[in-house]
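These notes are about the structure you will find just below.
In our numbering, the protein residues as written are 435 to 549.
Given below as C-alpha cells:
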C-alpha cells in the first residue's frame, strides 16, 4: 500500500468522520492555531481506535515500515560516517540524553539518536 492510498482506507475515512465541521471564519493562519475541536477529534480517534479497527493491509505496511526503520538504524550504526556523527552529537552539550544510539552505549536526545 502506498501512503496516498492509506487515505482511501476505512480507517482514514473514519477519522475524517470523527472531526466535527468547524465554522469557517475569516482570519487565515490564526484560525488554524485556535482549532481545539481538531485536536480533540484526533485525540479521541487515537484513543478509541482498537487493533481490530485497523485494516490488515495497513498493519502489514506498518510492520514493513518499522522493520525498514530498524534496518536503516542498524546499517547506519555500522556506516563509516557513524563515528563522525557520534562525535558531533557528543560535542553538542545537550543535557537530556534519554535515548540510546543504536549499536553504541552513547545516550542522546531522541531527535539525535534517531539520526
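For glycine and all other residues, C-beta sits at the position ideal for the given N, C-alpha and C.
Quiz item: Using a Cβ-Cβ distance under 8 angstroms, would residue 508 count as near chain E?
Solution: Absent from the structure is chain E; it holds one protein chain and no more.
Practice problem: Please confirm whether residue 500 and residue 536 have their CB atoms less than 8 angstroms apart. | Solution: no
Quiz item: Can you give the beta carbon distance from residue 532 to residue 544, rounded, assuming they're within the 8 angstroms contact cut?
Solution: 7 angstroms
Self-check item: C-beta atoms of residue 520 and residue 540 nearer than 8 angstroms
Solution: yes
Quiz item: When the distance is taken between beta carbons, is residue 538 closer than 8 angstroms to residue 511?
Solution: yes
Quiz item: Among all the DSSP beta bridges, which residues are the ones paired with residue 530?
Solution: According to DSSP, residue 530 bridges with nothing at all.
Quiz item: How is residue 542 classed by DSSP in three states: helix, strand or coil?
Solution: strand
Exercise. Return the Cβ separation of residue 546 and residue 523 in integer angstroms, given the expectation that the two are a contact with Cβ distance under 8 angstroms.
Key: 5 angstroms
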